[in-house]
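Following: one structure in structure tokens, then a few remarks.
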Amino acid sequence: MPILMQQQPQQWWQSDASQGQQESASTFTPPATQADLDKIIDAAVARTHKKYDGFNDYKAKAEQFDKLPKEPPADAVESAREEGRAEVRAVLAAERVSTAFTSALAGRALSPNALLDFDKSRFIKGDGADVDAITEWVTANSTEIKRTTEVVPDSGQREADRKGGSVQSGRELFQNRHKKKTNS
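Numbering-wise, the UniProt record's numbering puts 99 at position 99 of the sequence shown, and it's gapless, one number per residue.
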């Protein structure tokens with residue numbers, strides 16, 4: 001069984017505190033002269049300075065960074081404005097490319113396989129669309145739609161002599177189907 005368990009709890013902490021006071025009182029001796037006090041203080045200061053020996057290098061580097069020229073705020077604002085303008089120009093150029101493709105593909109059938117590796121950014125030239133490159137790509141990847149000359153007539157525009165093609169022929173068919181039956 002440990003020694004602590006054999007003693008009473010009150011006696012244990014009381015006896016420990018009294019021993020600590022006796023030991024600290026017996027080991028400390030105040031400095032006798034001012035020179036002894038100065039030695040103690042110098043030793044404490046030396047221990048403290050020893051902890052921070054490498055910080056002079058960091059201070060020198062920090063001073064170098066402080067000496068670097070700082071960008072004036074006017075330049076920062078102007079550069080942000082220019083970035084915004086560049087973004088707007090890029091969006092407008094993409095819209096111009098889309099419009100150029102729409103007009104170039106009018107009357108043409110585009111091959112679906114051509115769209116697999118399609119990238120609109122290849123056709124941007126400056127702030128606009130590269131019309132020559134778009135025309136070349138469209139002719140290479142699409143075919144012209146053949147228009148038929150046959151006009152399909154709308155309802156009511158059919159020929160009168162065509163069977164089943166006019167209102168009169170419809171009346172005749174109705175009358176033939178629903179003839180009045182006579183009992184003679």
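Ideal Cβ placement from N, Cα and C applies to all residues, glycine included.
Predicted model, so just to flag it, every value in this text is computed and none were measured.
Residue environment: F55 is assigned as exposed (fewer than 16 neighbouring CB atoms within 10 Å of its CB, all protein chains considered). I40 counts as exposed, since fewer than 16 other C-beta atoms from the protein chains shown sit within 10 angstroms of its C-beta.
Only exposed fits I145, as fewer than 16 other CB atoms lie within 10 angstroms of its CB. Rounded to the nearest whole angstrom, the C-alpha separation of F101 and E78 is 35 angstroms. For A129, the number of other beta carbons within 10 angstroms of its own is at least 16, and it is reported as buried.
Per DSSP, reduced to three states, the secondary structure at L115 is helical.
T148 is positioned such that its CB atom lies no closer than 8 angstroms to that of A109.
Taking 8 angstroms as the cut-off, the beta carbon of F118 is found no closer than this to the beta carbon of V97. Annotated three-state conformation of T143 is strand, per DSSP. In the DSSP annotation of this structure, the continuous segment of the beta strand (DSSP E) that includes L110 starts and ends at 108 to 110. Bounds of the alpha helix (DSSP H) holding A62 are 55 to 67.
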